[in-house]
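Participant:
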Amino acid sequence: MKKLFLLLVILIVSAANFLAQSKNKELEALREETNLPDKEIIRVNKKIKFPNKKPLKIYLAINQSEKDAKKFEKWIGKWNKKNATKYGQVELVSDNSKADVIVAQYRVPRSKYVKESKVTVGNVSETGKILPKAEVDSEYSYRRLDLPIYSYLLVRSNGFWTIVFQNVEPVFVEEQYVNPYARLRGALKKRLKKR
Numbered sequence: 105m106k107k108l109f110l111l112l113v114i115l116i117v118s119a120a121n122f123l124a125q126s127k128n129k130e131l132e133a134l135r136e137e138t139n140l141p142d143k144e145i146i147r148v149n150k151k152i153k154f155p156n157k158k159p160l161k162i163y164l165a166i167n168q169s170e171k172d173a174k175k176f177e178k179w180i181g182k183w184n185k186k187n188a189t190k191y192g193q194v195e196l197v198s199d200n201s202k203a204d205v206i207v208a209q210y211r212v213p214r215s216k217y218v219k220e221s222k223v224t225v226g227n228v229s230e231t232g233k234i235l236p237k238a239e240v241d242s243e244y245s246y247r248r249l250d251l252p253i254y255s256y257l258l259v260r261s262n263g264f265w266t267i268v269f270q271n272v273e274p275v276f277v278e279e280q281y282v283n284p285y286a287r288l289r290g291a292l293k294k295r296l297k298k299r
């Protein structure tokens, strides 16, 4: 019983360390994909609205797919033709330091190889005989893990970059709840109308 408890404690501590590390790696990847320097502070507050600037300057960091990047540029052109008078014009900028909003979507790296392990503990032999001591058996294998697609909307607010939308979707279409491009575009459209 003590061994089981010790194993459980080790698993919980390992999981907590993994989650803390993955958040840091996620933030590092976001900085890299959006070209934000380390000195820029990034925080999360989903209640902050887009600024009511005319035009609202948007920096696109759509590195998931060139096709999606072009679709975003085309969609922004359509937005300006159809909605600029009612909700305000949007201008694409090529430098994030001039942007009011960053629209980011990426997958880094494309895939990763992970080690899978299987551990079996038991005191019953293959023939069904109860053994006096528990036996431990372990197997290891490697498999390719396709990493998810990350989507973000960041707003410059009071000198800080603030994440107002974030989403992670599986890379395989059959596992996706909604197309990541459509979800990000929908989140952007909703916030553009609320400003």
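For the sequence shown, the numbering used here gives the first residue as 105, with consecutive numbering after it. Heads up, the beta-carbon is just placed ideally off N, CA and C, and yes, glycines get one too.
1) Report the option in K222, S221, D241, E220 whose CA atom is closest to the CA atom of E230.
2) Compare the beta carbon distance of L164 and F176 with 8 Å and say whether it is the shorter of the two.
3) Comparing C-alpha positions only, which one of E243, V225, I267 sits nearest to L131?
4) Under the three-state reduction of DSSP, which class applies to Y254: helix, strand or coil?
5) Just the Cα atoms here: how many angstroms apart are L251 and P274?
6) Does the CB of A203 have a neighbour CB from chain C at under 8 Å?
7) To the nearest angstrom, report how far apart W179 and V194 are at their CA atoms.
8) Using only CA atoms, which one of R247, S198, N200, L257 lies nearest to A291?
9) Applying the 10 Å Cβ sphere with the 16-neighbour rule, what's the burial state of N262?
10) Within 10 angstroms of its Cβ, does E243 collect 16 or more other Cβ (buried), or is it exposed?
11) Quick one: Cα of S221 to Cα of Y246, how far?
12) Quick check on the DSSP output: what are the complete beta strand (DSSP E) runs of length 3 or more inside the stretch 137-217, in order along the chain?
Facilitator: In short:
1) Looking up residue 230 in the sequence shown gives position 126. Nearest C-alpha to E230: D241.
2) Locating residue 164 in the sequence shown gives position 60, counting from the first residue. Locating residue 176 in the sequence shown gives position 72, counting from the first residue. Cβ atoms of L164 and F176: closer than 8 Å.
3) Position 27 of the sequence shown, counted from the start, is the residue given in the question as residue 131. For the residues E243, V225, I267, the minimum Cα distance to L131 belongs to I267.
4) If you number the sequence shown from 1, residue 254 lands on position 150. Correct three-state label for Y254: strand.
5) For the purposes of this step, residue 251 is taken as residue 147 along the sequence shown, with counting starting at 1. For the purposes of this step, residue 274 is taken as residue 170 along the sequence shown, with counting starting at 1. If you take the alpha carbons of L251 and P274, they lie about 7 Å apart.
6) This model lacks chain C altogether; it includes just one protein chain.
7) Residue mapping note: residue 179 aligns to position 75 of the sequence shown, counting from 1. Residue mapping note: residue 194 aligns to position 90 of the sequence shown, counting from 1. So the alpha carbons of these two residues sit roughly 11 Å apart.
8) Residue numbering aside, residue 291 sits at position 187 when the sequence shown is read from its first letter. Out of R247, S198, N200, L257, L257 has the C-alpha closest to the C-alpha of A291.
9) As a working mapping, residue 262 is identified with position 158 in the sequence shown. Exposed, by the Cβ-count rule.
10) Position 139 of the sequence shown, counted from the first residue, corresponds to residue 243. When all chains shown are included, E243 counts as exposed.
11) By one-based count along the sequence shown, residue 221 stands at place 117. By one-based count along the sequence shown, residue 246 stands at place 142. Rounded to the nearest angstrom, the two C-alpha atoms are 9 Å apart.
12) 146-148, 160-166, 194-197, 205-210
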